[in-house]
Amino acid sequence: MGRLPNTDKQWLSKNREAWKDRYGLDFIGDIPSTNRIEVLDSRTGVLTVRVVPTSGDRPIFLHSSVDPVREATRVVEGLKVEPGSVVVVYGFGLGYLVEALYDLLDESVSLFVLEPDLELFLTALKTRNLHKIIGSKRVLIHLGEDFGQLYTVFFRFFHGAYYRDLVPAGLPGHETVYADFCGRARKMVRDIVSAKVVNLLTMIKMGPTMLTSSILNLVKFYTNPGLSSLYGRFADVPAIIVAAGPSLNKNIHLLHEAKGKAVIFAVGTAAKALQKQGIDPDFIVTVDSGLPNYEHFKGIDTDRSCLIVDLEANYLILENYRGPMFVMGSQPVLSWFRDLIEDKGFTESGGSVANNAFAAAYRMGANPIIMIGQDLAFGRDGHSHAAGTNYENIVETDFDSQKFIKVKANDGGYVYTDRIYQLFLNFFEVWIKKLPDREYINATEGGAYIEGTEVKTFRETLDQYCLAPVDVQAIIAKAQESFANPDLAPFIERLRQQRDKMDDTIAESTMAIKRLVQLEKACESKQNKKMRQHLKVIRKIFQKFDEDELISRLPRWFSAQELHGVLTRTHKAELADDDDFAAAIADYTIYYEKVREGAEKVKELIEKCLQEAEGRASDAK
Numbered sequence: 002m003g004r005l006p007n008t009d010k011q012w013l014s015k016n017r018e019a020w021k022d023r024y025g026l027d028f029i030g031d032i033p034s035t036n037r038i039e040v041l042d043s044r045t046g047v048l049t050v051r052v053v054p055t056s057g058d059r060p061i062f063l064h065s066s067v068d069p070v071r072e073a074t075r076v077v078e079g080l081k082v083e084p085g086s087v088v089v090v091y092g093f094g095l096g097y098l099v100e101a102l103y104d105l106l107d108e109s110v111s112l113f114v115l116e117p118d119l120e121l122f123l124t125a126l127k128t129r130n131l132h133k134i135i136g137s138k139r140v141l142i143h144l145g146e147d148f149g150q151l152y153t154v155f156f157r158f159f160h161g162a163y164y165r166d167l168v169p170a171g172l173p174g175h176e177t178v179y180a181d182f183c184g185r186a187r188k189m190v191r192d193i194v195s196a197k198v199v200n201l202l203t204m205i206k207m208g209p210t211m212l213t214s215s216i217l218n219l220v221k222f223y224t225n226p227g228l229s230s231l232y233g234r235f236a237d238v239p240a241i242i243v244a245a246g247p248s249l250n251k252n253i254h255l256l257h258e259a260k261g262k263a264v265i266f267a268v269g270t271a272a273k274a275l276q277k278q279g280i281d282p283d284f285i286v287t288v289d290s291g292l293p294n295y296e297h298f299k300g301i302d303t304d305r306s307c308l309i310v311d312l313e314a315n316y317l318i319l320e321n322y323r324g325p326m327f328v329m330g331s332q333p334v335l336s337w338f339r340d341l342i343e344d345k346g347f348t349e350s351g352g353s354v355a356n357n358a359f360a361a362a363y364r365m366g367a368n369p370i371i372m373i374g375q376d377l378a379f380g381r382d383g384h385s386h387a388a389g390t391n392y393e394n395i396v397e398t399d400f401d402s403q404k405f406i407k408v409k410a411n412d413g414g415y416v417y418t419d420r421i422y423q424l425f426l427n428f429f430e431v432w433i434k435k436l437p438d439r440e441y442i443n444a445t446e447g448g449a450y451i452e453g454t455e456v457k458t459f460r461e462t463l464d465q466y467c468l469a470p471v472d473v474q475a476i477i478a479k480a481q482e483s484f485a486n487p488d489l490a491p492f493i494e495r496l497r498q499q500r501d502k503m504d505d506t507i508a509e510s511t512m513a514i515k516r517l518v519q520l521e522k523a524c525e526s527k528q529n530k531k532m533r534q535h536l537k538v539i540r541k542i543f544q545k546f547d548e549d550e551l552i553s554r555l556p557r558w559f560s561a562q563e564l565h566g567v568l569t570r571t572h573k574a575e576l577a578d579d580d581d582f583a584a585a586i587a588d589y590t591i592y593y594e595k596v597r598e599g600a601e602k603v604k605e606l607i608e609k610c611l612q613e614a615e616g617r618a619s620d621a622k
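Numbers given in the working numbering equal positions in the sequence shown, counted from 1, plus 1.
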């Protein structure tokens, strides 16, 4: 075995103290030694380390056996890292690469470091003086192999508005020993960045409609049972999730046989295709706030299907739906009614309504969960959706384009997908891996392979699982009957309070804008006392807005693209050596103008909601 230096206890104490100061907790505690890790002298006398892989093969050097410091310097010199970027470092080792990145790159560059081996990290703390990089706010270190925790931490850390670019870095030795972790982590990071981009584009495109529907749907949300009232009611009943992928054409005709022997969930996009086949799904699931989502419901008979609907789904759907409904959601506007509205439940999603339907079936206790029409890819003839849907004529032809990705298919070949579909696919795979307590059957008969599912034909699936009768409608009716209509009076009073709060927000935004004008004049004339006075008022208003769950989101809902630019410039200014007051004032003027515009729009929506609630209350008398 190699050696540890005599400074063992000295460095460990200092490094642990720095860790506690930076992360607010002591280090990971006692970790048993496995004799896998050897600390050795390199040829230049600098300490290096080699590790025995879990496979039990010969030890591999994580750093150079000649000169670890020079090796790390060369890696950094080979990277193209713009100021304001973030470098994701796959492997801490003894810290040489992280030190080189920290010392050689611009101070505006942040480092996100992933180290899966806790014993190795503890060895580094015992071996070297690392408290400078451990304690730096430029460096965020994530330890361990828990990918669920890693996802949460990196999702919170990475903000597309703050960072100019994302650059991967690592040493060959580390990526050899921990190849599986590094491969999965790289994919997870790419998926999170893609999801953040999609979220931003969605907010830019859909922000106003999301908030509009969330408020206009409040009365129906308050007066209908929640999805949570269905939790566990379909324990061990087969569930069939019907998506609208092109492969649905192959087996949609078999759904008749499943009626009354499984609970059938259809996404809104597939509802017309099912009606053309004379099939009434037990549930239709919808979440999208856009007007095109409402178009999927036009012309279909909704009397015989129950709607599972998110609070922010297009309000025209709820306004015109004639069947029973169960509501769900966790939007910020619900913070107005925390003590008035029971927990209605919600469903996780990777961006697709099919994800929501899948999660709903799981929470209802269904088993197995069967998917059809869940292609998550384009058909080999280029079609994106099944016949009978609103998108049946969309056909892609240029699969050589960079926007398409070749992935494994259910039939063993491959199909083409895109980054949006891939996000939906990732959701299913992460869910199945995390919650393997159910059977997941992919009976799509086409499309992309979903890791963790059992691939079968729909015919085989029906013959094996959908045999015993189940009275789905009786179960739904029982859940509906358990809901007692609430008193509208306190709901109406709370809406009035929020309307008044919007008036206050409009007035405070106007005050902040006036103060910003005065601040600019004080800056130009270098009147320090007046500058401080104006800043105090502006900051007080900003803090109040920032702490409010709804108001803090108003600018992003109504002007996500403009606010993205403001956040980028603000973050960049925080890293700069000097303050550009004129630019900061201009940015915060945009911010307060958008808050004011948002508050005015919300007030208008609350007025409409109040009219509906007061009309219902009057009719009930």
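From the three backbone atoms N, C-alpha and C, an ideal C-beta is built for every residue, glycine too.
Next item on the list: Could you please give me the residues that DSSP links to residue 48 through a beta bridge?
Entry: On the sequence shown, residue 48 is found 47 positions in, with the first residue counted as 1. According to DSSP, which records beta bridges pairwise, residue 48 is partnered with 42.
Margin query: Just to confirm the assignment, what range does the beta strand (DSSP E) spanning residue 171 have?
Written below: Start at 1 with the first residue of the sequence shown, and residue 171 comes out as number 170. Where residue 171 is concerned, the enclosing beta strand (DSSP E) stretches over 167 to 171.
Notebook entry, point to check: Distance, Cα to Cα, residue 516 vs residue 375?
Noted result: Translated into the one-based positions of the sequence shown, residue 516 becomes position 515. Translated into the one-based positions of the sequence shown, residue 375 becomes position 374. Note on geometry: alpha-carbon atoms of residue 516 and residue 375 lie some 54 Å from one another.
Note to self: Does the contact criterion of 3 or more C-beta pairs under 8 Å hold for the segment 209 to 216 versus the segment 277 to 294?
What the structure shows: Judged by Cβ distances under 8 Å, the segment 209 to 216 makes contact with the segment 277 to 294, as three or more pairs qualify.
Note to self: Could you check whether residue 183 and residue 174 sit closer than 8 Å to each other, using their CB atoms as the reference points?
What the structure shows: One-based indexing of the sequence shown puts residue 174 at position 173. One-based indexing of the sequence shown puts residue 183 at position 182. In this structure, residue 174 keeps its C-beta atom at 8 Å or more from the C-beta atom of residue 183.
Checklist line | Beta carbon of residue 463 nearer than 8 Å to that of residue 255 | finding: Counted from its first residue, the sequence shown places residue 463 at position 462. Counted from its first residue, the sequence shown places residue 255 at position 254. Yes; because the gap between Cβ atoms is below 8 Å, this pair is in contact.
Notebook entry, point to check: Quick one: what's got a C-beta closer than 6 Å to residue 270's C-beta in the same chain, skipping five residues either side?
Noted result: For the purposes of this step, residue 270 is taken as residue 269 along the sequence shown, with counting starting at 1. Closer than 6 Å at Cβ, skipping near neighbours: 245, 297 and 390.
Notebook entry, point to check: In whole angstroms, what is the alpha-carbon distance linking residue 426 and residue 620?
Noted result: Locating residue 426 in the sequence shown gives position 425, counting from the first residue. Locating residue 620 in the sequence shown gives position 619, counting from the first residue. Straight-line spacing of the CA atoms in residue 426 and residue 620 works out to 47 Å.
Next item on the list: Just confirm the distance between the C-beta atoms of residue 238 and residue 378, as a whole number of angstroms; I'd bet it's less than 8 Å.
Entry: Looking up residue 238 in the sequence shown gives position 237. Looking up residue 378 in the sequence shown gives position 377. Contact doesn't hold; Cβ gap of about 29 Å is too wide.
Checklist line | Helix, strand or coil at residue 257 according to DSSP, with G and I counted as helix | finding: The residue you call residue 257 lines up with position 256 of the sequence shown. Helix, per DSSP.
Check: Helix, strand or coil: which one does DSSP assign to residue 236?
Finding: Here the question's residue 236 lines up with position 235 in the sequence shown. In the structure shown, residue 236 sits in coil (DSSP, three-state: anything other than H, G, I, E or B).
Check: Should residue 25 be labelled buried (16 or more other beta-carbon atoms within 10 Å of its own) or exposed?
Finding: Taking the sequence shown and counting its residues from 1, the one referred to as residue 25 is at position 24. Under this definition residue 25 is an exposed residue.
Check: When the Cα of residue 617 is compared with those of 488, 520 and 594, which residue comes out closest?
Finding: By 1-based counting over the sequence shown, the position of residue 617 is 616. Measuring from the Cα of residue 617, the nearest candidate turns out to be 488.
Next item on the list: Could you give the DSSP three-state label for residue 90: helix, strand or coil?
Entry: The residue labelled residue 90 in the question sits at position 89 within the sequence shown. When DSSP states are grouped into helix, strand and coil, residue 90 belongs to the strand group.
Checklist line | Among 252, 449, 414 and 443, nearest to residue 456 - alpha-carbon criterion | finding: Against the sequence shown, residue 456 aligns to sequence position 455. The shortest C-alpha separation from residue 456 is found at 443.
Check: In terms of alpha-carbon separation, which member of 434, 396 and 477 lies closest to residue 326?
Finding: Working through the sequence shown from its first residue, we reach residue 326 at position 325. With distances taken between CA atoms, residue 326 lies nearest to 477 out of 434, 396 and 477.
Notebook entry, point to check: For residue 493, which of helix, strand or coil comes out of DSSP?
Noted result: Stepping through the sequence shown from its first residue, residue 493 is reached at position 492. If DSSP states are grouped into helix, strand and coil, residue 493 belongs with the helices.
Notebook entry, point to check: Can you tell me the Cα-Cα spacing of residue 317 and residue 609, whole angstroms?
Noted result: Translated into the one-based positions of the sequence shown, residue 317 becomes position 316. Translated into the one-based positions of the sequence shown, residue 609 becomes position 608. Their backbone Cα atoms lie some 14 Å apart in a straight line.
Notebook entry, point to check: Where do the ends of the alpha helix (DSSP H) carrying residue 132 lie?
Noted result: Your numbering for residue 132 matches position 131 in the sequence shown. Unbroken alpha helix (DSSP H) run through residue 132: 132 to 136.
Note to self: Taking a contact to mean a Cβ-Cβ separation below 8 Å, would you say residue 44 touches residue 14 in this structure?
What the structure shows: Here residue 44 refers to the residue found at position 43 of the sequence shown. Here residue 14 refers to the residue found at position 13 of the sequence shown. Against a cut-off of 8 Å, the Cβ pair of residue 14 and residue 44 comes out as no contact.
Notebook entry, point to check: What are the residues that DSSP puts in a beta bridge with residue 311?
Noted result: Taking the first residue of the sequence shown as position 1, residue 311 is located at position 310. Paired residues: 329.
Notebook entry, point to check: Using 8 Å as the limit for Cβ to Cβ distance, is residue 593 near chain D?
Noted result: The displayed structure is made up of one protein chain only, and chain D is not part of it.
Next item on the list: Determine which residues share a DSSP beta bridge with residue 456 and list them.
Entry: Indexing the sequence shown from 1 puts residue 456 at position 455. Note: residue 456 sits in a beta bridge opposite 443.
Checklist line | Euclidean distance between Cα positions of residue 470 and residue 263 | finding: Sequence index remark: in the sequence shown, residue 470 carries index 469 (1-based). Sequence index remark: in the sequence shown, residue 263 carries index 262 (1-based). Taking the Cα positions, residue 470 is about 8 Å away from residue 263.
Checklist line | For residue 365, three-class secondary structure by DSSP | finding: Here residue 365 is taken as the residue at index 364 of the sequence shown, counted from 1. Coil at residue 365, not helix or strand.
Notebook entry, point to check: From residue 89 to residue 167, what distance separates their C-alpha atoms?
Noted result: Position 88 of the sequence shown, counting from 1, holds the residue named residue 89. Position 166 of the sequence shown, counting from 1, holds the residue named residue 167. A straight-line Cα-Cα distance of about 7 Å links residue 89 and residue 167.
Check: Under the DSSP definition of a beta bridge, which residues are partnered with residue 599?
Finding: Numbered from 1 along the sequence shown, position 598 holds the residue referred to as residue 599. In the DSSP assignment, residue 599 is bridged to no other residue.
Checklist line | Between the CA atoms of residue 257 and residue 280 - distance to the nearest angstrom | finding: Within the sequence shown, numbered from 1, the residue matching residue 280 stands at position 279. Within the sequence shown, numbered from 1, the residue matching residue 257 stands at position 256. Straight-line Cα distance between these residues: approximately 7 Å.
Item checked: Element boundaries [alpha helix (DSSP H), containing residue 338] -> Your numbering for residue 338 matches position 337 in the sequence shown. Segment: none, residue 338 is in no alpha helix (DSSP H) and carries neither H nor E.
Checklist line | Top-ranked residue by Cα proximity to residue 20, from 58, 472, 136 and 485 | finding: Within the sequence shown, numbered from 1, the residue matching residue 20 stands at position 19. Taking each of 58, 472, 136 and 485 in turn and checking the Cα distance to residue 20, the smallest one comes out for 136.
Check: For residue 242, which of helix, strand or coil comes out of DSSP?
Finding: On the sequence shown, residue 242 is found 241 positions in, with the first residue counted as 1. Under the three-state reduction of DSSP output, residue 242 falls in the strand class.
Next item on the list: Flag this pair as touching only if the segment 407 to 422 and the segment 335 to 347 have three or more C-beta atom pairs under 8 Å; answer yes or no.
Entry: Remark: fewer than three beta-carbon pairs, one from each stretch, lie closer than 8 Å, so the segment 407 to 422 and the segment 335 to 347 are not flagged as touching.
Next item on the list: Return the residue from the list 586, 552 and 615 that minimises the CA-CA distance to residue 602.
Entry: Counting from 1 along the sequence shown, the entry for residue 602 is found at position 601. Cα-wise, what sits closest to residue 602 is 552.
Notebook entry, point to check: Hey, out of 107, 142 and 79, whose CA is closest to residue 94's CA?
Noted result: Numbered from its first residue, the sequence shown carries residue 94 at position 93. Distance from the Cα of residue 94 is smallest, within the candidate group 107, 142 and 79, for 142.
Next item on the list: Could you spell out the range, first to last residue, of the alpha helix (DSSP H) harbouring residue 298?
Entry: Here residue 298 refers to the residue found at position 297 of the sequence shown. Boundaries cannot be given for residue 298, as no alpha helix (DSSP H) includes it and DSSP labels it neither H nor E.
Notebook entry, point to check: Helix, strand or coil for residue 227 per DSSP?
Noted result: Counted from its first residue, the sequence shown places residue 227 at position 226. Residue 227 falls in the strand class under three-state DSSP.
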